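S.K.: Residue numbers (our numbering): 1258 to 1566. All residues carry an ideal CB built from backbone N, CA and C; glycine is no exception. All of these numbers come straight from a predicted model, not from anything done at the bench.
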């Protein structure tokens, strides 16, 4: 819930940590939040130059160089770790040695006790569509970048990819980790030439080895990986040229879909907005033949989701 406060309260928040109207605020400064934004912008420029020069491993080099600049700033006192804001030391901490953290505290730590069956069904329905359309959107986007779609714009053997994603998502949830699913960052691997299952196997092996070197990867800050995501977004934006923008019944829903994703901070929400707007616009303009039965069903389900959840 938003809380209102006066300009005097705001000045206090800018200068120090404060609690206003029952809400705790933590002050930011140039030495924590400010410098990280600046480093992220510099990282984007550096990665962009590497991409333009077609340097092999450009995105990885961009991450490492941005991280190195952050470490230099930390030694110089320009970056000061602030745990309260989520800004930690950029230096790997090997004080606990090299070992694989135990899963015992998080393994299978879930319970449905006391959850009403109707609420449980609604929750499952919500997660189903969020995961399904996040995965579909990512698969189609990355596959388009890899030129793996057929002449109809469909991904051959998509069933296997969806099954692998479903198994990984379920297994990750049982293990207690963050969601193990298809991520758009895969576009960076495609750009480097990854096209076959060997790419996935190599990635899996490297992830396994990274368990022993987790202090190094935990020390890599988000401002160092942000440039990589920006470049990945640039790669995927190329698919926009395939949209028939001269036809409003095609272009407007596509625009709504694209614009909704960053505003809702969700691929699945953007897809749902695109499906609903596509169905409604074409239905009310007399283009019913353009809407398939599946599209009707999805539009109704998405509308029910927003009405009931």
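What number of angstroms, rounded off, separates the C-alpha of residue 1291 from the C-alpha of residue 1350?
M.R.: One C-alpha to the other measures close to 24 Å.
S.K.: Could you tell me which residues DSSP puts in a beta bridge with residue 1339?
M.R.: Its beta-bridge partners are 1344.
S.K.: Which two residues bound the contiguous alpha helix (DSSP H) that contains residue 1451?
M.R.: Unbroken run through residue 1451: none, as it is neither H nor E.
S.K.: Can you name, in chain order, every residue of its own chain whose Cβ lies under 8 Å from the Cβ of residue 1289, other than the five neighbours on each side?
M.R.: 1336, 1337, 1338, 1339, 1342 and 1344, listed in sequence order.
S.K.: Leaving out five residues on either side along the sequence, give the residues of the same chain with a beta carbon under 7 Å from the beta carbon of residue 1473.
M.R.: Within the same chain, residue 1473 has close Cβ partners 1349.
S.K.: Here's the rule I'm using: 16 or more other beta-carbon atoms within 10 Å means buried, otherwise exposed. How should residue 1358 be labelled?
M.R.: So residue 1358 counts as exposed.
S.K.: Could you please give the first and the last residue of the uninterrupted alpha helix (DSSP H) stretch that includes residue 1526?
M.R.: 1524–1541 is the span of the alpha helix (DSSP H), which, as asked, contains residue 1526.
S.K.: Taking only three categories from DSSP, how would you classify residue 1287?
M.R.: If DSSP states are grouped into helix, strand and coil, residue 1287 belongs with the helices.
S.K.: Helix, strand or coil for residue 1422? Go by DSSP, reduced to three states.
M.R.: It is helical.
S.K.: State the start and end residues of the unbroken alpha helix (DSSP H) segment that holds residue 1376.
M.R.: Per DSSP, residue 1376 belongs to the alpha helix (DSSP H) from 1374–1402.
S.K.: Taking a contact to mean a Cβ-Cβ separation below 9 Å, would you say residue 1440 touches residue 1525 in this structure?
M.R.: Not closer than 9 Å, so no.
S.K.: Near residue 1363, which residues of its chain fall below 6 Å by C-beta distance, leaving aside the five closest residues on each side in sequence?
M.R.: Cβ within range, chain order: 1433.
S.K.: For residue 1509, tell me which candidate among 1318, 1496 and 1530 has the shortest Cα-Cα distance.
M.R.: Out of 1318, 1496 and 1530, 1530 has the C-alpha closest to the C-alpha of residue 1509.
S.K.: Starting from residue 1571, trace the alpha helix (DSSP H) both ways and give me its first and last residue.
M.R.: Since the first and last residues shown for the chain are 1258 and 1566, residue 1571 lies out of range.
S.K.: By Cβ distance, which residues of its chain are closer than 7 Å to residue 1542, with the 5 residues on each side in sequence left out?
M.R.: Around residue 1542: 1506.
S.K.: Could you spell out where the alpha helix (DSSP H) holding residue 1303 opens and where it closes?
M.R.: Where residue 1303 is concerned, the enclosing alpha helix (DSSP H) stretches over 1292–1309.
S.K.: Am I right that residue 1449 and residue 1327 are in contact with their C-beta atoms under 8 Å? What's the rounded C-beta distance?
M.R.: With a Cβ gap of about 24 Å, residue 1449 and residue 1327 do not count as contacting.
S.K.: Is it a yes or a no for the segment 1300–1308 touching the segment 1477–1487, going by three-plus beta-carbon pairs under 8 Å?
M.R.: Enough Cβ pairs lie closer than 8 Å, so yes.
S.K.: Which of helix, strand or coil does DSSP assign to residue 1260?
M.R.: Because the pLDDT of residue 1260 is 47, which lies under 50, any placement of that residue in the model is unreliable, and the question is left without a value.
S.K.: Which two residues bound the contiguous alpha helix (DSSP H) that contains residue 1494?
M.R.: Per DSSP, residue 1494 belongs to the alpha helix (DSSP H) from 1479–1494.
S.K.: Take residue 1366 and list the residues in its own chain whose beta-carbon comes closer than 7 Å to its own, dropping the five residues that flank it on each side.
M.R.: Taken in chain order, the residues that qualify are 1433.
S.K.: In whole angstroms, what separates the C-alpha of residue 1438 from that of residue 1471?
M.R.: Approximately 20 Å between the Cα atoms of the pair.
S.K.: So what does DSSP say about residue 1467, is it helix, strand or coil?
M.R.: Reduced to three states, the DSSP call for residue 1467 is helix.
S.K.: In terms of residues, what are the limits of the alpha helix (DSSP H) holding residue 1557?
M.R.: 1550–1565 is the span of the alpha helix (DSSP H), which, as asked, contains residue 1557.
S.K.: May I ask which residues mark the beginning and end of the alpha helix (DSSP H) holding residue 1327?
M.R.: Start and end: 1315–1333.
S.K.: Return no unless some Cβ of chain D is closer than 9 Å to the Cβ of residue 1451.
M.R.: Absent here is chain D; the protein component of the structure consists of one chain.
S.K.: Residue 1503 by DSSP, collapsed to three states: which one?
M.R.: In the structure shown, residue 1503 sits in coil (DSSP, three-state: anything other than H, G, I, E or B).
S.K.: Do you know how far the Cα of residue 1469 is from the Cα of residue 1356?
M.R.: Rounded to the nearest angstrom, the two C-alpha atoms are 5 Å apart.
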